Structures are given as C-alpha cells and as structure tokens.
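Participant: Keeping their order, the protein sequence lines are chains G and H. Each residue of the first sequence is one higher than the last, beginning at 13 in the numbering used here. Each residue of the second sequence is one higher than the last, beginning at 13 in the numbering used here. One structure is given below, represented as structure tokens, and several questions about it will come after.
Protein chains: 2
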Amino acid sequence: MADLKVTCLAGGVGAARFLQGLVRVVSREDVTVVVNTGDDIELYGLHVSPDLDIVSYTLAGIVDEEKGWGVKDDTFSCLGMLKNLGCESWFNLGDKDLATHIYRTHLLEEGFSLSEVTAKICRSLGLEETILPMTNDRFETRILTDKGEMHFQEYMVKRGMRDRVLGVRFEGVEQAKPAPEALNAILEASGIIVCPSNPIVSIGTILSVRGIREALKKTRAKIVAISPIIAGTVVKGPAEKLMKGLGMEVSAFSVADLYKDFLDVFILDTADKKQKPRVEALGIKAIVVDTLMKTMEDKIRLAKVALSCL
Amino acid sequence: MADLKVTCLAGGVGAARFLQGLVRVVSREDVTVVVNTGDDIELYGLHVSPDLDIVSYTLAGIVDEEKGWGVKDDTFSCLGMLKNLGCESWFNLGDKDLATHIYRTHLLEEGFSLSEVTAKICRSLGLEETILPMTNDRFETRILTDKGEMHFQEYMVKRGMRDRVLGVRFEGVEQAKPAPEALNAILEASGIIVCPSNPIVSIGTILSVRGIREALKKTRAKIVAISPIIAGTVVKGPAEKLMKGLGMEVSAFSVADLYKDFLDVFILDTADKKQKPRVEALGIKAIVVDTLMKTMEDKIRLAKVALSCL
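As structure tokens, this is what we get:
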C-alpha cells in the first residue's frame, strides 16, 4: 500500500478510535481527515472545536482515553473559577484543553482560517496526518426539540439528550464552502473511508457542505463506510435519539441508505448480519465483521478490513 | 470614622497589602481604589490587568499570599499546554487566574468597559469595596532600555529587569480619560491615601491620566502618601531601577517630591527619619513610623496611622 492516499470523513470519538488503528496500518502522512465542525461552539468568547480536538488529541496520543475527549491528566481549575465568576460551566473544559481554544481563538482573530489554525495545532502536537475542518465558514448544528431549538452541544451536554428531538437544522449550510484541500482530498484520494460516526450530526454535516457529496460521487476512489450502529444502537452519543427523532429506522441499513449515492462498500457488525441483503439491495457491497473497538488490536483489525475494501 | 469615604491610589502588591489592613479599620463599602492599568497586557488575545487582579484577589482573600499575585492553590496546566502549542510562556498565568482574563476579555468584546467588567468581577468575588481602573482607555507603560523599547511586563517579567533603563513612556496618555467615578472619588472623598506603590509606573501612571492630578489639587480631602522606598530601596518591584534610570535619587524624599503639588502628609519609614526635614521643606507634613508590612498587625497599624492623618 505504498501509494495509498486515504481520505477519511470523521466526527468525534468513534472516528478517532478508528483512526488510531488506521494510522498503525497506513503511513500517517498518507492520511487526510475531513472533520465535522457543526458541533463547534463559542464559550466565553473562545472558539471550541470538539471533533477537531478529539481527532487531533487522539492521534497525538494525548487524549483522555477513558472519556474519549479532552487531554489526559488535565486539571479543571479554570472552569471552577469561571463558575465562581458567575459563568455557565456545563461544558467540561479542562485547563490543558483550554490552551487549544485560547490559541485557536487568538489565531482566528488574527485572521487565520480554521484550516490554517488546525494545521498549526497539528504541527505543534507532532502530527503527520492532515486534519481539515469540513469548512472554514460558520456552520452550526441546531437541534429542534420539544423544549425549543438549541445548539447541538446544549442538547447533548447541557441538557444530557433528555429533550425529544423533532428535527435537525444546519445553520450556515447555504453559505458554507468546503475547506480548501477538502474537495481535492476526496477527488485525489486512492481510497475514502467514512468513519463510524454519527450519520446525522457528524457525517451528515460534512455531506451537507456544498460540493462534498458531489465530489464523493465523482471521485474514482473506492468509498467504504463503517456502521456506527451496532444491533440497533450506538456505542456512544446521540445517533439513536436523533435518528428516531427524524423518524428513521435506527439500523446499520439506515446508515448505508444515507450514503447510498456514493458508497461502494459498507462494513456492518456481525450482530447486524441479517441486514446484509438489504444493504446489498441498495447496490452496495456489504461486509460483515466484528466492528466493536475495545482494544488497539480491534482498531487495527477493523482498519485492515476497511483498507482491504479500497 | 462613620462617614469616612476613603479613596486610594494603588498599584499592585504593596498597595494590596496596605489595603488588607485598611479594610479592617474602615468599612469595606467606604473604600474606593483607583488602580493602575499601565501594566495591562494582551497575552494570547486575553486582556490581563495585573494590578486590578492583585488588588481584587487580595481583598477577596484568594490571592497567593506568598507571591503577592495570582490565585492561591492555582494550577498551571494551561500555560504548559500553551507552551506545547508553541506559544511564549514567560508570563506565569495560573489556570484560575486565566478564568478572570477569559471572562474580562469576553465582556470587553461584548462592549462592556473595563470599569464595568471590574465591577462585575468584584461583585462575583464578593467584594464590597469599589475598585476602579484608572482609565478605560488604552494605556501602556513602555520602558526604554539599552536593549530597545518594550512593554513594562516584558521589561519586568520576561527580561527580569536586567536591561538598563533609559526612560519611561506612557503610550496612550494623550487620549486616555479617567474612568468614570474616578474623578468624583477623588473630589468627594473625605480622605485620600496614596498607597506604597511604585511612584513611576503605578502611581505615576495614575497621576498622568488627564484630570487626576488636577482633581487631587482641587479636592478638599486631605491626602496622605506612604513611601514605597525604605532606606533607599524597595521591598519588591522595579521602582529603584526605574528611578535610577530616570536619574532620580532613590529615596523617600524623591517620592514626596513627585507628589508635592497635592500632598498634605507623607509617611516615611523610621529608617529614613533623617529625610523628615527635607520632606517638610517641601511643605508636606512628615510622619516617621515603621512602614514594613510583614504581618496583618503591621498592615492594620500602618492603616491606622494613615487614617489618623486624614
């Protein structure tokens, strides 16, 4: 696989765990990751990019492995003091993590794009992979619930996914352009992997950015996706609640169906092997393996399966 | 002293220590402090106001007593990560301390003035004293040295006061207006105390703000100053080097001389009792006591001496 250039579409924790395995099978410099920024939020004037940070911290080996986000061995002194100062403190920002947000915000204010800032952060963290935000433009995932419309983070973190989901809205989607290099990374890849991420608010946001879905249809690279849904549920995150709220069947098949206009191969879990014929009826090759990633061996094995499809 | 309204001019550590004693003798709500902002600096896009924070942290009882600045029991995780990200890290920002800067910067960006932000912070910290920045306008103390001109913090913290001082320049002094309430706090005070702070870059900056020196001359309140110079040197900070650099005699008398056009009483240390006649020759009443503040008793005693002059 000397000349393999792999482009991945990624959300947060699930994608990051998959990528940990991938970069042990493919040279790090041959991996490009296009990351969801719909979860980005401004807190205390700081620009927080949760998925970009989860991916870069994980690949840099500094992530809090247990939580899947944040920096390991972090302290939370600043958040406590912000609370004393009367600020909201529902978003659990560690002190080391804050450094990234402070640095990012400062560079954005100096006129750098989010792509450029992300590249600087990745370089400082010693990453050889290319990590791209899906867009440099304002893009905000809004969740419509029975308690009103709210930012995705408010729905997920502040209110703990307790509200009934009535819909999802992507604010800024009409204006948002893909980050420079993102379309090329799709068009010129030798293989594309859609990571096991939320199909609505992680991959769905990326696909909604103008030109990305078209590039995926146009590219000559094979495209493989890994189902984030196992046995009708998710390992982590709100995919199940969101899919239900949108009136969708919560299944691996549903995910394949969302990607059917560009997908070549779909990897689904052994627990969902009965869905193989339904996926194949969409014209997508279906591969059934164990997809749960508990150990590094699991991650490497899954990465190898994905690569073998490209 | 039921109706005593005391207005103090203050810099950082020396002033804060004096104020600790003062608010144990005068009701906290009767104390107004006009604080130097010439040391303010923007770091990583955050607005840091060292003297305002030293005064408010000290009066709130959360200061790191040993250092005299910063919040006690603070961690330094964020700074370490900022360093990893390639940022300069010579200004020792604790994580709790950072919360103040993040909050301040956020409110300033939302359009609040530094006075309003300071009032909010003080309220959150439970302070009953009124703390005012000397100005809400940009004002930057620049030190001219044999190694070039630099921000005061760069001279003091980054370069450890090792450069030869050739001059001091107050950038923004032509435009800077006093903070609202500052002039009134001087004109309507029943007594004014110039804290034992640096006469050049703490009190000197305050006095340079348009209208402040005139208000001090005009007010009917008695004005007492405490010498920051003891036996030809300072307890802390760069006063000695700056005074020397400006070709001044480093003495209590020199300080009194800088304030002579508005000062009624000057408190100098027993070690400097020989300077009493020189000070009195300026038309200023001179009081000789022990001025070194090691214990809370020292601070209270000195506060009582100052109050007895008003």
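By construction, the Cβ of each residue, glycine as well, lies at the ideal position given by its N, Cα and C atoms. Predicted model, so just to flag it, every value in this text is computed and none were measured.
Please name the residues in the segment 78 to 93 of chain H whose beta-carbon is closer than 9 Å to at least one beta-carbon of chain G, in chain order.
Facilitator: So the list reads V83, D85, D86, T87, F88, S89, C90, L91, G92 and M93, given in the order they occur along the chain.
Participant: Go through the segment 203 to 237 of chain H residue by residue and report every complete run of the beta strand (DSSP E) that reaches 3 residues or more, in order.
Facilitator: 203 to 206
Participant: Less than 8 Å separating the beta-carbons of K234(H) and C321(H)?
Facilitator: yes
Participant: With DSSP collapsed to three states, give me the class of A251(H).
Facilitator: helix
Participant: Does the structure place the segment 247 to 262 of chain G close enough to the segment 210 to 230 of chain G that three or more beta carbon pairs sit under 8 Å?
Facilitator: yes
Participant: So, for K272(H): in the same chain, excluding its five sequence neighbours on each side, which residues have a beta-carbon less than 8 Å away from its beta-carbon?
Facilitator: L294, G295 and I296
Participant: Considering only C-alpha positions, which residue in the set A191(G), F30(G) and L97(G) is nearest to A237(G)?
Facilitator: When only C-alpha atoms are compared, the closest one is F30(G).
Participant: How would you label M13(H), buried or exposed, when you count the other beta carbons within 10 angstroms and need 16 or more for buried?
Facilitator: Bear in mind that a pLDDT of 49 at M13(H), under 50, signals an unreliable position, so the model cannot answer this.
Participant: Are the C-beta of D107(H) and some C-beta of chain G separated by less than 8 Å?
Facilitator: yes
Participant: When the Cα atoms are used, what is the spatial distance from G80(G) to K316(H)?
Facilitator: Using only the alpha carbons, I get a separation of about 58 Å.
Participant: According to DSSP, what are the bridge partners of A22(G)?
Facilitator: The partner list for A22(G) (beta bridge, DSSP) reads V47(G).
Participant: So that I know if they touch, is there some Cβ in chain H lying closer than 8 Å to that of A111(G)?
Facilitator: yes
Participant: What residues in its chain sit with their C-beta under 6 Å from that of A194(H), if we drop five residues either side in the sequence?
Facilitator: V46 and L144
Participant: With M162(G) as the anchor, note down where its beta strand (DSSP E) starts and where it stops.
Facilitator: G160 to H163
Participant: Could you please give me the residues that DSSP links to V180(H) through a beta bridge?
Facilitator: I155(H)
Participant: Quick one: what does DSSP say L275(H) is sitting in, helix, strand or coil?
Facilitator: coil
Participant: Using a Cβ cut-off of 8 Å (strictly closer), state whether T231(H) contacts chain G.
Facilitator: no
Participant: From D281(H), D175(H), T44(H) and D86(H), pick the residue whose C-alpha is nearest to that of A264(H); which is it?
Facilitator: Of the candidates D281(H), D175(H), T44(H) and D86(H), the one whose C-alpha sits nearest the C-alpha of A264(H) is D281(H).
Participant: Could you spell out where the beta strand (DSSP E) holding V60(G) opens and where it closes?
Facilitator: L58 to V60
Participant: Just grab the DSSP bridge partners of L280(H) for me.
Facilitator: According to the DSSP secondary-structure assignment, L280(H) is paired through a beta bridge with V300(H).
Participant: What distance in whole Å lies between the Cβ atoms of A197(H) and T70(H), which are believed to be in contact at a cut-off of 8 Å?
Facilitator: Actually they do not touch by this definition, with Cβ atoms about 19 Å apart.
Participant: Taking only the alpha-carbon atoms, compute the straight-line gap between L91(G) and V75(G) and give it to the nearest angstrom.
Facilitator: 19 Å
Participant: Taking only runs of the alpha helix (DSSP H) that begin and end inside the segment 56 to 95 of chain H, which ones reach a length of at least 4 residues, in chain order?
Facilitator: Counting only runs of 4 or more residues that sit fully inside the segment 56 to 95 of chain H, the alpha helix (DSSP H) segments are 62 to 72, in chain order.
Participant: Around the C-beta of P62(H), are 16 or more other C-beta atoms found within 10 angstroms, so that it is buried, or is it exposed?
Facilitator: Its Cβ being crowded by 16 or more others within 10 Å, P62(H) is buried.
Participant: If we ignore side chains and look at the alpha-carbon of each, how far apart do D107(H) and M308(G) end up?
Facilitator: 34 Å
Participant: Shorter than 8 Å from the beta carbon of S7(H) to some beta carbon of chain G?
Facilitator: The question about residue 7(H) has no answer, for chain H in this structure spans 13 to 322.
Participant: Roughly how far, in whole angstroms, is the beta-carbon of A191(H) from the beta-carbon of S127(H), given that I think they are within contact range, below 8 Å?
Facilitator: Correct: roughly 5 Å between the Cβ atoms.
Participant: What distance in whole Å lies between the Cβ atoms of P240(G) and V221(G), which are believed to be in contact at a cut-off of 8 Å?
Facilitator: 19 Å between Cβ atoms; not a contact.
Participant: Are the C-beta of M13(H) and some C-beta of chain G separated by less than 8 Å?
Facilitator: Unreliable positioning characterises M13(H) in this predicted model, as indicated by a pLDDT of 49, which lies under 50. A coordinate reading is not provided.
Participant: With DSSP collapsed to three states, give me the class of P192(H).
Facilitator: P192(H) sits in coil when the DSSP states are folded into three classes, being neither helix nor strand.
Participant: Since D86(H) and D109(H) are thought to touch, with beta carbons under 8 Å apart, how far apart are those beta carbons, to the nearest angstrom?
Facilitator: 6 Å
Participant: Hey, how far is the Cα of V169(H) from the Cα of V291(H)?
Facilitator: Their Cα atoms are separated by approximately 33 Å.
Participant: When DSSP labels each residue in this structure, what does P240(H) get in the three-state scheme?
Facilitator: coil
Participant: Taking all protein chains shown into account, decide if T303(H) is buried (16 or more other Cβ within 10 angstroms of its Cβ) or exposed.
Facilitator: buried
Participant: Give the range of the beta strand (DSSP E) segment to which L16(G) is assigned.
Facilitator: No beta strand (DSSP E) contains L16(G), which DSSP labels as neither H nor E.
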